[in-house]
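Report on the following structure.
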Amino acid sequence: MRSLIIETILVLLATFIIYLFEPQASQVLAYYHTGIAQFELWRLISATFCHTNFNHLIMNIAGLIITLLLFIDTFKATNILPIIIFNSLFIGLALFLFEPTVIWYVGLSGVLHGLFCYGVANDINNKDPWGYLLGAGIAIKIAYEQFYGAQETTIKLINAPVLVDAHLYGAIAGLLFYGITWLLKKEKGSKSYL
1208 MRSLIIETIL VLLATFIIYL FEPQASQVLA YYHTGIAQFE LWRLISATFC HTNFNHLIMN
1268 IAGLIITLLL FIDTFKATNI LPIIIFNSLF IGLALFLFEP TVIWYVGLSG VLHGLFCYGV
1328 ANDINNKDPW GYLLGAGIAI KIAYEQFYGA QETTIKLINA PVLVDAHLYG AIAGLLFYGI
1388 TWLLKKEKGS KSYL
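Our numbering runs 1207 ahead of the 1-based position in the sequence shown.
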């Protein structure tokens, strides 16, 4: 639990400190397709911690806290920073490779979808009925966004388009990270019996 509190505080501090230096911070840290093409690869991770405005920042911070609380048993038993970094990289690379028309991106929401899906996968693996319910909910949300786009109120609130594909890529990254860690634990467990 102590590790979760420390990692959460680090994420919150990084996010708030970067926000204090906006808009200059985003010029150096946001996802810019052209910057990444010029090997400014830190942008794949740092864009996660940049936000368009205070509303965007608070929405994502609230989302982080709610997600961690929903899956408190999962996240107090694991480190969230590797999940956040993996998800950030996965989202950034997916945008770069599959969405070349996306020239700019900031925000934590894609990573939040990844954390949420990681928690869902763990609950389902542990046969927790909430995992199935929450999994159905996130699947419906992502499908809705893919077909109909983001809610207009959210777009107005953050004063920017919502990149719903980042939510999809984040969800995939969270499931993939869970699958990788599950396989590694299984492999480690089977070797200990040899």
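Backbone N, C-alpha and C define an ideal beta-carbon position, used for all residues, glycine too.
How many angstroms separate the CA atom of residue i from the CA atom of residue j?
{"i": "Val1235", "j": "Thr1255", "result": "13 Å"}
{"i": "Phe1282", "j": "Leu1211", "result": "7 Å"}
{"i": "Leu1276", "j": "Thr1285", "result": "14 Å"}
{"i": "Ile1268", "j": "Leu1219", "result": "7 Å"}
{"i": "Ile1272", "j": "Met1266", "result": "10 Å"}
{"i": "Trp1337", "j": "Phe1246", "result": "42 Å"}
{"i": "Gln1358", "j": "Lys1395", "result": "44 Å"}
{"i": "Thr1215", "j": "Phe1297", "result": "20 Å"}
{"i": "His1374", "j": "His1320", "result": "6 Å"}
{"i": "Asp1335", "j": "Gly1270", "result": "22 Å"}
{"i": "Val1371", "j": "Lys1392", "result": "32 Å"}
{"i": "Thr1222", "j": "Asp1280", "result": "24 Å"}
{"i": "Phe1407", "j": "Leu1382", "result": "Residue 1407 lies beyond the stretch modelled for the chain, which goes from 1208 to 1401, so this question has no answer here."}
Would you mind reading off the limits of the alpha helix (DSSP H) that contains residue i?
{"i": "Trp1337", "result": "1336-1355"}
{"i": "Cys1324", "result": "1316-1332"}
{"i": "Glu1359", "result": "1359-1365"}
{"i": "Leu1288", "result": "1287-1305"}
{"i": "Thr1255", "result": "Unbroken run through Thr1255: none, as it is neither H nor E."}
{"i": "Ala1221", "result": "1209-1227"}
{"i": "Ile1243", "result": "1240-1244"}
{"i": "Leu1236", "result": "1231-1236"}
Does the Cβ of residue i have 16 or more other Cβ atoms within 10 Å, making it buried, or fewer, making it exposed?
{"i": "Arg1209", "result": "exposed"}
{"i": "Asn1409", "result": "This structure cannot settle anything about residue 1409, because the visible part of the chain is limited to 1208 through 1401."}
{"i": "Tyr1351", "result": "exposed"}
{"i": "Leu1341", "result": "buried"}
{"i": "Phe1384", "result": "buried"}
{"i": "Asn1333", "result": "exposed"}
What did DSSP end up calling residue i once you bin it into helix, strand or coil?
{"i": "Trp1389", "result": "helix"}
{"i": "Leu1277", "result": "helix"}
Just to confirm my understanding: we take residue i, look at its own chain, exclude 5 residues before and 5 after, and list those with CB closer than 6 Å. What are they?
{"i": "Phe1278", "result": "Gly1326"}
{"i": "Ile1345", "result": "Phe1323"}
{"i": "Leu1401", "result": "In this predicted model, Leu1401 has a pLDDT of only 40, less than 50, meaning its place in the structure is not dependable; the value taken from the coordinates is given anyway. For Leu1401, where only same-chain residues beyond five positions count, there are no Cβ hits under 6 Å."}
Leaving aside the five residues before and after residue i along the sequence, list all residues of the same chain whose C-beta is less than 8 Å from its C-beta, in chain order.
{"i": "Ile1362", "result": "Pro1368, Val1369"}
{"i": "Pro1307", "result": "His1240"}
{"i": "Ile1331", "result": "Gly1338, Tyr1339, Gly1342"}
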